[in-house]
Amino acid sequence: MNGLTTVILAAGEGKRMRSRTPKMLHPLCGRPLIGYALRLARALSDRVVVVVGPKADAVRAAAGSDVAVVEQTERLGTGHAVLQARAVCPTSGPLLVLAGDMPLLTLETLERLVERQRVTSAAATLLTAEVERPFGYGRVIREGGRVSRIVEERDASEAQKKVNEINTSVYCFETARLWPTLGEVKPDNDQGELYLTDVIGLLARAGAKVEAVSVAEPAEALGVNDRRQLADLAAIQRRRIVDRLMIEGVTVIDPAATYADVDVEIGADTVLHPGVTLQGSVRIGERCTILPGCRVRDVVIGDEVTLLDGAVVIDSQIAAGETIAARSWVEGRGPGRIEVGASVDPRLRELMARGARVPRPDSVVIGPEVKLAQIVARGLVLHPGVKIGGERTIILEGTELGYEEPVTLDNAVLGRRVKVQGGFVKDAVLLDGCEARQGFHGREGCLLEEDSYFAHNVGLKMTIVFPFVVLGSLINFCDCLLAGGTSRKHHSEVGSGFIHFNFSPRGDKATPSMFGDIPRGVMLDQAPIFLGGLAGVVGPTRIGYGTVLAAGSVYRADYEQDLLVLGERRRDGSTAFRPRALGAIRGKVSKNVHYVAELAALWAWYRHVRRRLAGDDPLSQAVIDAGLSVVEANIDERLKQIDRFSDLVRECLPEAGGGDAKAALAGEWREFVERWPACRPILKDYRSIEGNGELRERFCGRLGTAATSYTAAIQALAPDDRRLGTQWLRSIATDLVARCHTTLPQITSE
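Going by our numbering, the sequence shown opens with residue 1, and the numbers climb by one from there.
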């Protein structure tokens with residue numbers, strides 16, 4: 001249109017939305033806020049420019065490839081935002097400035113604005129509105145009937161505050177006058193920003209012509225700053241949509257109880273009953289009847305179709321003359337179309353209505369004890385054979401279950417974008433981005449952190465896996481910690497066919513192994529550990545960061561960091577097993593005590609750091625609390641196994657026999673048996689161990705809250721800050737071990 005360029009201002013942070021989603025992408029009647037401005041701009045302009053803020057990749061993507069996108073790296077006001085577009089805008093001709101958060105603006109209003117600018121050859125034409133309650137808006141001040149300036153609410157005199165004509169933040173400029181004048185604007189305000197409104201006053205004082213056009217209805221001037229305003233504007237837009245449909249020949253029995261998105265088209269003589277929801281791109285033919293409670297999304301419906309009460313039709317095509325049964329579910333097109341009758345579990349139907357995708361609802365079971373409020377349906381995919389049980393089960397958005405084989409959940413806690421392709425998860429926590437393939441068994445006490453990956457037929461129990469760790473197929477771990485790695489590419493890895501041996505023929509399970517550690521491992525900056533396939537480790541074992549264990553061996557020793565271990569000497573043949581031949585127990589007891597101490601540090605980490613980074617969302621906090629409970633369960637299990645080991649040692653004492661060596665061994669056993677009851681309460685009281693409080697406060701003070709994920713937040717820390725955190729966690733573990741050492745001095749030192 002006459003060489004018009006449109007600049008859309010979309011760089012605002014949207015803090016009042018209190019959302020991880022950028023404000024410009026919040027949907028209003030099926031279209032993101034910025035989509036309204038883009039639609040108007042494309043209809044009016046030859047060129048469209050969008051000004052975005054930093055870290056706005058999603059807004060860039062939504063803008064599309066046919067528009068120019070520029071970044072306002074510092075938010076220094078609307079005038080500064082427009083200046084960022086100068087390099088991609090012409091030096092002359094009309095330039096329209098739109099706010100990205102005004103979805104009720106109409107094309108007709110903007111056409112009048114641009115036409116007034118063209119006819120009058122004004123330097124600027126602004127869009128104004130007459131409102132009854134102008135509080136909070138900039139007032140349009142006129143002198144002799146001509147626009148002279150815009151005065152913000154906080155700067156207005158009492159007389160000016162009585163003016164009812166407000167600025168809408170929509171302008172059409174002559175570019176040749178805009179750029180020089182914008183260069184004269186000074187940040188002379190309490191915000192220290194460049195206001196685009198100041199351009200109007202400068203132009204008027206310079207004698208340039210400034211025109212004004214008023215909106216057709218005041219609602220067009222409304223913008224979105226928080227969710228209340230989003231809901232208010234959505235209600236207005238819905239009424240506009242319903243009015244349009246009625247004008248086009250659709251019968252809407254109760255407009256206030258009918259919900260239709262902007263991309264809905266309906267033929268004449270179709271009847272919409274109360275409670276109907278039409279979402280996304282919907283095309284409905286003529287003479288159709290949509291009865292109460294129906295939900296339709298992204299559907300093409302032919303003529304003379306009837307949807308009986310409560311039917312749900314999603315991403316489908318309904319031929320002319322069809323009748324869809326009451327309370328049925330229809331999804332898909334062609335041969336892949338799914339039709340499920342009213343026999344679907346109402347609880348599952350509720351999840352589907354909230355956005356969950358369930359290709360075979362008749363094969364999915366949700367236990368009556370499951371709390372649906374703890375399941376986020378957005379992005380949830382439940383494949384055939386999924387069974388969800390347990391009142392403590394939590395599922396966050398984007399989770400996919402059962403793609404390769406059925407999945408059963410029992411009191412499982414799953415973070416965002418978790419994939420369990422087949423298997424069983426009970427009393428375990430899987431955090432954001434964790435993925436497990438078919439045959440997975442995650443049992444009680446498992447805490448599997450962000451972006452960890454488990455190939456086919458992996459069995460885990462009482463095992464903690466830090467971010468990025470990868471386990472191959474046919475693996476069994478129990479009573480272990482696995483850490484190391486900095487990304488999905490540079491990760492710790494366990495080769496296929498690896499086993500952690502944690503159970504001896506005598507029933508001894510005092511065998512926890514650590515591959516890495518907790519104080520350093522949580523910082524996500526340690527070298528990866530590699531455990532070769534077709535191998536195993538006999539617990540309790542310690543493996544340092546950067547160490548590689550070659551395939552094909554069974555390892556019994558501890559290995560420091562950065563070692564290449566090509567295998568241990570084979571122990572061929574067989575030997576008689578003597579149940580009471582325990583041998584030295586010092587190392588085993590010491591490793592158990594140190595393992596509990598490290599878990600105490602992890603408990604503090606979840607309490608002070610994970611909770612902070614989880615944000616305000618109650619379900620996100622509940623997931624972290626579940627992680628805390630898993631750490632507590634691991635500590636309780638370890639204490640229980642040490643109790644059992646103590647009983648075993650007591651039974652073996654009569655077998656110690658004579659001789660100096662055996663006497664020393666018996667003394668070691670006796671010391672443990674006699675003093676463990678005094679040591680146990682010390683370990684059980686791990687929650688009271690704060691470590692170095694000053695280090696904790698300094699470290700927590702360095703944590704940011706703007707990162708897109710937990711791993712990004714930790715990896716954004718400076719190296720010195722990570723060292724602070726490691727020192728704090730190490731002080732917890734060291735303090736707890738030192739307290740135990742006073743009771744078991746010969747046993748607890750490593």
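C-beta: ideal position from N, C-alpha, C; glycine also.
Excluding the 5 residues flanking it on each side, D345 has same chain C-beta neighbours closer than 7 Å at I366, in chain order. Within the model, the alpha-carbon separation for E74 versus Y710 is close to 25 Å. D451 is classed as buried because its beta carbon has at least 16 other beta carbons within 10 Å across all chains shown.
The beta carbon of V82 sits closer than 7 Å to the beta carbons of V7, V97, L182 and L196 from its chain, once the five residues preceding and following it are set aside; these are given in chain order.
Setting aside the 5 residues that flank it on each side, A219 is surrounded in the same chain by L104 and I236, each with a C-beta closer than 7 Å to its C-beta; the list follows chain order. Burial of S492 is indicated by the presence of at least 16 other C-beta atoms within 10 angstroms of its C-beta. Rounded to whole angstroms, the gap between the alpha carbons of I475 and L531 is 11 Å. Proximity of the segment 282 to 301 to the segment 261 to 273 meets the contact definition, three or more beta-carbon pairs being nearer than 8 Å. Under the DSSP assignment, K161 falls in the alpha helix (DSSP H) whose first and last residues are E158 to K161. For the segment 345 to 377, the full-length alpha helix (DSSP H) segments reaching 4 residues or more read 346 to 353 along the chain. With distances taken between CA atoms, Q438 lies nearest to S473 out of S473, C29, M17 and V252. Per DSSP, R244 lies in no beta strand (DSSP E) segment; the continuous alpha helix (DSSP H) that holds it begins and ends at R227 to I247.
Taking C-beta atoms as the reference points, C29 and I301 fail to come closer than 8 Å. Contact between A483 and D517 holds, since their C-beta atoms are separated by about 7 Å, short of 8 Å. The residue from A428, S169, R687 and A436 with its alpha-carbon nearest to that of P406 is A436. Using a Cβ-Cβ distance cut-off of 8 Å, the segment 596 to 607 and the segment 412 to 428 are not in contact, since fewer than three pairs of beta carbons, one from each stretch, lie closer than that value. A straight-line Cα-Cα distance of about 11 Å links R16 and P22. Bridge pairing for L278: A260 and V296 [DSSP]. The Cβ atoms of G385 and G398 do not sit closer than 8 Å to each other.
Between G192 and M102, the C-beta spacing is not below 8 Å. Unbroken alpha helix (DSSP H) stretches of 4 residues or longer found wholly inside the segment 686 to 719: 693 to 702 and 710 to 715, given in chain order. Where L98 is concerned, the enclosing beta strand (DSSP E) starts and stops at P94 to A99.
Taking C-alpha positions only, K591 is separated from D558 by approximately 11 Å. Annotation for K640: the continuous alpha helix (DSSP H) segment containing it runs P618 to C652.
Contact check between the segment 209 to 216 and the segment 116 to 132: three or more CB pairs, one atom from each, fall below 8 Å, which counts as touching.
Taking C-beta separations shorter than 6 Å and ignoring five residues to either side along the sequence, the partners of I499 in its chain run N476 and G536, following chain order.
C679 and I585 have their C-alpha atoms some 16 Å from each other. Under the three-pair Cβ rule at 8 Å, the segment 440 to 456 counts as touching the segment 423 to 431. Scanning its chain for C-beta atoms nearer than 6 Å, with the 5 sequence neighbours on each side dropped, one finds around T289 the residues V271 and T306, in chain order. The way I'd put it, the segment 130 to 144 doesn't touch the segment 47 to 64; fewer than three beta-carbon pairs between them come closer than 8 Å. Out of A626, G293 and L76, the CA that lies nearest to the CA of D188 is found in L76.
Of the candidates I714, E674, D636 and E632, the residue whose Cα lies closest to the Cα of D647 is E674. For R42, the enclosing alpha helix (DSSP H) has its first and last residue at L33 to L44. Counting along the chain, I318 sits inside no alpha helix (DSSP H); it lies in the beta strand (DSSP E) bounded by residues V312 to I318. In the three-state reduction of the DSSP assignment, N167 falls in the strand class, which pools E and B.
The Cβ neighbour count for L563, taken over all protein chains shown within 10 Å, is under 16; the residue is labelled exposed.
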